[in-house]
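Participant:
2 protein chains.
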Amino acid sequence: MFNKRMQKLGEERSVIRELFEYGNRRKSEIGAENVFDFSLGNPNIPAPGRVGEEIVRLVRETPAEALHGYTSAAGSAEAREAVAAHIRNAFHAPADASLIYMTCGAAASLTVTLAALCEDGDEVVVLAPFFPEYLVFIESAGGKPVVVQTDAAFRPDLAALERAITPRTKAVIVNSPNNPSGAVYTEGEMRALASLLVRKSEKARSPIVLISDEPYRELCYGAAPPYLPKLYKNTVVCYSWSKSLSLAGERIGYIAVSPGCENAQTLFNAVCGAGRSLGFVCAPALFQRVVAACIGTTSDLEKYRENRDMLYNALTSYGYECAPPEGAFYLFVKAPNGDAREFSELAKRHEVLIVPSESFGVKGYVRISYCVSRDVITRSLPAFRTLRSLFS
Amino acid sequence: MFNKRMQKLGEERSVIRELFEYGNRRKSEIGAENVFDFSLGNPNIPAPGRVGEEIVRLVRETPAEALHGYTSAAGSAEAREAVAAHIRNAFHAPADASLIYMTCGAAASLTVTLAALCEDGDEVVVLAPFFPEYLVFIESAGGKPVVVQTDAAFRPDLAALERAITPRTKAVIVNSPNNPSGAVYTEGEMRALASLLVRKSEKARSPIVLISDEPYRELCYGAAPPYLPKLYKNTVVCYSWSKSLSLAGERIGYIAVSPGCENAQTLFNAVCGAGRSLGFVCAPALFQRVVAACIGTTSDLEKYRENRDMLYNALTSYGYECAPPEGAFYLFVKAPNGDAREFSELAKRHEVLIVPSESFGVKGYVRISYCVSRDVITRSLPAFRTLRSLFS
Numbered sequence: 001m002f003n004k005r006m007q008k009l010g011e012e013r014s015v016i017r018e019l020f021e022y023g024n025r026r027k028s029e030i031g032a033e034n035v036f037d038f039s040l041g042n043p044n045i046p047a048p049g050r051v052g053e054e055i056v057r058l059v060r061e062t063p064a065e066a067l068h069g070y071t072s073a074a075g076s077a078e079a080r081e082a083v084a085a086h087i088r089n090a091f092h093a094p095a096d097a098s099l100i101y102m103t104c105g106a107a108a109s110l111t112v113t114l115a116a117l118c119e120d121g122d123e124v125v126v127l128a129p130f131f132p133e134y135l136v137f138i139e140s141a142g143g144k145p146v147v148v149q150t151d152a153a154f155r156p157d158l159a160a161l162e163r164a165i166t167p168r169t170k171a172v173i174v175n176s177p178n179n180p181s182g183a184v185y186t187e188g189e190m191r192a193l194a195s196l197l198v199r200k201s202e203k204a205r206s207p208i209v210l211i212s213d214e215p216y217r218e219l220c221y222g223a224a225p226p227y228l229p230k231l232y233k234n235t236v237v238c239y240s241w242s243k244s245l246s247l248a249g250e251r252i253g254y255i256a257v258s259p260g261c262e263n264a265q266t267l268f269n270a271v272c273g274a275g276r277s278l279g280f281v282c283a284p285a286l287f288q289r290v291v292a293a294c295i296g297t298t299s300d301l302e303k304y305r306e307n308r309d310m311l312y313n314a315l316t317s318y319g320y321e322c323a324p325p326e327g328a329f330y331l332f333v334k335a336p337n338g339d340a341r342e343f344s345e346l347a348k349r350h351e352v353l354i355v356p357s358e359s360f361g362v363k364g365y366v367r368i369s370y371c372v373s374r375d376v377i378t379r380s381l382p383a384f385r386t387l388r389s390l391f392s
Numbered sequence: 001m002f003n004k005r006m007q008k009l010g011e012e013r014s015v016i017r018e019l020f021e022y023g024n025r026r027k028s029e030i031g032a033e034n035v036f037d038f039s040l041g042n043p044n045i046p047a048p049g050r051v052g053e054e055i056v057r058l059v060r061e062t063p064a065e066a067l068h069g070y071t072s073a074a075g076s077a078e079a080r081e082a083v084a085a086h087i088r089n090a091f092h093a094p095a096d097a098s099l100i101y102m103t104c105g106a107a108a109s110l111t112v113t114l115a116a117l118c119e120d121g122d123e124v125v126v127l128a129p130f131f132p133e134y135l136v137f138i139e140s141a142g143g144k145p146v147v148v149q150t151d152a153a154f155r156p157d158l159a160a161l162e163r164a165i166t167p168r169t170k171a172v173i174v175n176s177p178n179n180p181s182g183a184v185y186t187e188g189e190m191r192a193l194a195s196l197l198v199r200k201s202e203k204a205r206s207p208i209v210l211i212s213d214e215p216y217r218e219l220c221y222g223a224a225p226p227y228l229p230k231l232y233k234n235t236v237v238c239y240s241w242s243k244s245l246s247l248a249g250e251r252i253g254y255i256a257v258s259p260g261c262e263n264a265q266t267l268f269n270a271v272c273g274a275g276r277s278l279g280f281v282c283a284p285a286l287f288q289r290v291v292a293a294c295i296g297t298t299s300d301l302e303k304y305r306e307n308r309d310m311l312y313n314a315l316t317s318y319g320y321e322c323a324p325p326e327g328a329f330y331l332f333v334k335a336p337n338g339d340a341r342e343f344s345e346l347a348k349r350h351e352v353l354i355v356p357s358e359s360f361g362v363k364g365y366v367r368i369s370y371c372v373s374r375d376v377i378t379r380s381l382p383a384f385r386t387l388r389s390l391f392s
């Protein structure tokens, strides 16, 4: 009776969302303090105080009809200029406000960019492990996802990537810092990727676009990731303030078409058309002003580093295997029994909610989101120890 | 190189948005006070004070990580329950929080609903004149728009509608109060439509869904429009607070699947899947709380009635022909030269920005948005008088 794909997407939900909803039900049954919910990437560190101050100031000082009215579809001139100036200052890279499109968050940045790029059947390469909704978003845009495995340490495998690229490859999505592995790709790795894309673009129908999905840009515990438009000209950056300013629910982000892109203005027009086609109208107006005022500041992200260290040290001491995470707020841990789904189900019986890795495109791992309170981590450790001991 | 449809949509922009952007440029050239901009439906009446108070209270009293975090994809339990309770109280109609889906505004309500309903090639009937983006949204969902003209007074023409419905008709969109005509359909007219849809549904592949697009519900200067789910069971209501609370830029609305719908839960699942597929994640979290707290209150909408009366009385006294508008904040006026596009261009030379009717699906009219300051109306009247006198 209804659209079958949508029905299926609605009934399955994402594995992550499913677990999150299960957690909410379980918390109401046995008390929130008794459920160790590591399912969702929902920041537990509050937005910086300046965000709240800015909201109050805007409400006090701006006429409501101006504050809450439509902005231009691509965003207010002020917000777009603030983003472009930030890119120029922080990354010493060219940026043009006229090529910045403010979005309703990272998911919108991706669906709009993919819809702007893809014609039916175009191929979009993703590196596994990947954010599971990539597959949904690529298919929504009429594209065909092509999954390329990373190596055993979750580093890009250039040879595998080279084999996967065809003349129909429209785009490659790179997500660094990576959800779920925590890997941060080095400048060397990205230079090698750029060379490959330059070489392959010559044989492609049109230049291959690099989509840099960067919601975790600032969540980095070592070297910062390189700014990809400086390494490869046909790059589109998809950003969101969900994590850096802990505004995940407010749906605010941007698409930056690099001025170096071939036919940048035409690509930007397609982005505007895609936003219109999908029904986005404009990014939330109040938060366009808030992020413009707060750009460059972040939540107290050091807390995530402390969580990471505590959980990583504890888990590895129990015998779990895990690549040291360099960014984002996830540990990607080998399921000690070898079966991620089974281990995740088993963990549920200990009230530990962790996401099996199949939907991220790899087998045998679980994702543990450590954007939770210190207390949850501390009190969950006995359960993690017990779970590990079952397979010693 | 890029998606051609998106490129085209981005380059053309909507006629309304185009005129709005022209107005902004023109205002910066000759001063805002010298441009009479009747192009956009951007509320000029501020949100009620309670909205600002509620925002400040929420920022002060709610931990930021809870206030700005993700909600469930369909919305917070509190917001969904507030909407369902409001429907029960205001319209004495059944409503179930589990069938309410909070959205990023009216456009999102429509793109998500259409994507949930349509398989490729399904037909969606719209009554002309209509909000131009309907055609874009239907095509985005893979549907085929079928345009049915209303009668000379912009009332639904049941005979024409009957001829237009085929076994492939998936949905009919009704927008009352109507943008752009200002018509408000009566209970009698909607009962007749319901009977037709019941009869036609028997021969259709699946029951025809009535999509009630209601962003102007509260902007009514006579009888309130009937609540359509009470007249036709397979109804989905698409709502937004853009106009009633003057929050157009904040992107907050809802989809209400009527509990009377056949396979209501399956339809709701498809709505959730469509929201996921298009990249909506959740409606803006702060404003979910704001509208839940302010539901049932409105901006001072009487100001629109005063604008309507002043502009309607003046224009008809100059000899313009216009159906008396019963709702929304638009006058739909016959172009005195018979050519809407030409008349709109001519008006631009007098710094009057009004939208030609072709993109609304009818010829020979212009839309005048009267959600502007009293002052703009007063000072524009000589230009309207001059423009009319050119064709006497």
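In order, the protein sequence lines correspond to chains A and B. Throughout the first sequence, residue numbering follows the numbering used here, covering 1 to 392 in sequence. Throughout the second sequence, residue numbering follows the numbering used here, covering 1 to 392 in sequence. Glycine included, C-beta positions come from ideal geometry on N, C-alpha and C.
#1: Measuring alpha carbon to alpha carbon, tell me which residue in B:Ala79, B:Lys303, B:Val124 is nearest Leu99 of chain B.
#2: Is it a yes or a no for the segment 104-111 of chain B touching the segment 276-292 of chain A, going by three-plus beta-carbon pairs under 8 Å?
#3: Report yes if the C-beta of Ala323 of chain B is less than 6 Å from at least one heavy atom of the ligand ADP; otherwise report no.
#4: Could you confirm whether any beta carbon from chain B is found closer than 7 Å to the beta carbon of Phe130 of chain A?
#5: Of all the CB atoms in chain A, is at least one closer than 7 Å to the CB of Phe2 of chain B?
#6: Does the CB of Pro225 of chain A have a neighbour CB from chain B at under 7 Å?
#7: Identify every residue that forms a DSSP beta bridge with Met102 of chain B.
#8: For Cys118 of chain A and Gly143 of chain A, what's the separation of their Cα atoms in angstroms?
#9: The segment 3-23 of chain A: which residues have C-beta closer than 9 Å to a C-beta of chain B, in chain order?
#10: Answer yes or no: do Ile16 of chain A and Thr113 of chain A have a C-beta to C-beta separation smaller than 7 Å?
#11: Count the CB pairs spanning the segment 187-196 of chain A and the segment 217-237 of chain A that are closer than 8 Å, and state whether there are at least three.
#12: To which residues of the same chain is Val366 of chain B closer than 7 Å at the C-beta, ignoring the five residues directly before and after it?
#13: Could you tell me the boundaries of the alpha helix (DSSP H) in which Ile87 of chain B lies?
#14: On the DSSP bridge list, what partners appear for Glu123 of chain B?
#15: Less than 7 Å between the beta carbons of Lys243 of chain A and Tyr216 of chain A, yes or no?
#16: Does the distance from the C-beta atom of Val59 of chain A to that of Ile55 of chain B stay below 7 Å?
#17: If you count every other CB in all the chains shown that lies within 10 Å of the CB of Ser373 of chain B, and 16 or more means buried, which is it?
#18: For a cutoff of 7 Å on Cβ pairs, would you count Leu135 of chain B as touching chain A?
#19: Quick check on this structure: which residue in A:Thr169, A:Ala204, A:Phe154 has the alpha carbon closest to the alpha carbon of Thr186 of chain A?
#20: Does any CB atom of chain B fall closer than 7 Å to the CB of Leu197 of chain A?
#21: Return the residue from the list B:Asn24, B:Glu29, B:Glu214, B:Phe38 that minimises the CA-CA distance to Arg379 of chain B.
#22: Roughly how many whole angstroms lie between the Cα atoms of Phe436 of chain A and Glu133 of chain B?
#23: Measure the C-alpha to C-alpha separation of Val174 of chain A and Val147 of chain A and round it to an integer number of angstroms.
#24: Is any beta-carbon of chain B found at less than 7 Å from that of Leu247 of chain A?
#25: Shorter than 7 Å from the beta carbon of Val236 of chain A to some beta carbon of chain B?
#26: What's the gap between the Cα of Ser359 of chain A and the Cα of Ser14 of chain A?
#27: Using a Cβ-Cβ distance under 7 Å, would Pro284 of chain B count as near chain A?
#28: Within 7 Å of any Cβ in chain A, is that where the Cβ of Tyr70 of chain B sits?
#29: Taking all protein chains shown into account, do 16 or more other C-beta atoms lie within 10 angstroms of the C-beta of Gly49 of chain A, making it buried, or fewer, making it exposed?
#30: Out of B:Arg26, B:Asp157, B:Asp122, which has the shortest C-alpha to C-alpha gap to Ser140 of chain B?
#31: Would you mind telling me which residues of chain B sit closer than 9 Å to Asn42 of chain A, beta carbon to beta carbon, in chain order?
#32: Roughly how many angstroms lie between the CA atoms of Pro324 of chain B and Ala128 of chain B, to the nearest whole one?
#33: So, does the CB of Pro145 of chain B fall closer than 7 Å to a CB anywhere in chain A?
#34: Chain B partners of Val56 of chain A, CB-CB under 7 Å?
#35: Taking only beta carbons into account, state which residues of the segment 266-291 of chain B come closer than 9 Å to chain A, listed in chain order.
#36: Along the chain, where does the beta strand (DSSP E) that runs through Lys334 of chain A open and close?
Facilitator: Here's the rundown:
#1: B:Ala79
#2: Contact between the segment 104-111 of chain B and the segment 276-292 of chain A is present, because at least three Cβ pairs lie under 8 Å.
#3: Absent from the structure shown: the ligand ADP. Ligands present: none.
#4: no
#5: Chain A contact via Cβ: present.
#6: It does not; no Cβ of chain B falls within 7 Å.
#7: B:Tyr254
#8: Their backbone Cα atoms lie some 6 Å apart in a straight line.
#9: Taken in chain order, the members of the segment 3-23 of chain A whose beta-carbon sits within less than 9 Å of a beta-carbon on chain B are Asn3, Lys4, Arg5, Met6, Gln7, Lys8, Leu9, Gly10, Glu11, Glu12, Arg13, Ser14, Arg17, Phe20, Glu21.
#10: no
#11: In short, these stretches touch, since the Cβ pair count reaches three.
#12: Val333, Ala335, Ala340, Phe343, Ser344, Ile354, Val355, Pro356, Ser357
#13: 77-91
#14: B:Lys144, B:Thr169
#15: yes
#16: The answer is yes: Cβ separation under 7 Å.
#17: exposed
#18: no
#19: A:Phe154
#20: no
#21: B:Phe38
#22: Since the first and last residues shown for chain A are 1 and 392, residue 436 of chain A lies out of range.
#23: 12 Å
#24: yes
#25: Interface flag for Val236 of chain A against chain B is unset, since no Cβ pair is found closer than 7 Å.
#26: Rounded to whole angstroms, Ser359 of chain A to Ser14 of chain A spans 8 Å at the Cα level.
#27: yes
#28: So, interface residue.
#29: So Gly49 of chain A ends up on the exposed side.
#30: B:Asp122
#31: Within chain B, the residues placing a beta-carbon under 9 Å from that of Asn42 of chain A are Glu65, Gly69, Tyr70, ordered along the chain.
#32: 17 Å
#33: Not an interface residue.
#34: Val56, Val59
#35: For the segment 266-291 of chain B, which is checked against every Cβ of chain A, the residues closer than 9 Å are Thr266, Leu267, Phe268, Asn269, Ala270, Val271, Cys272, Gly273, Ala274, Gly275, Arg276, Ser277, Leu278, Gly279, Phe280, Val281, Cys282, Ala283, Pro284, Ala285, Leu286, Phe287, Gln288.
#36: 330-334
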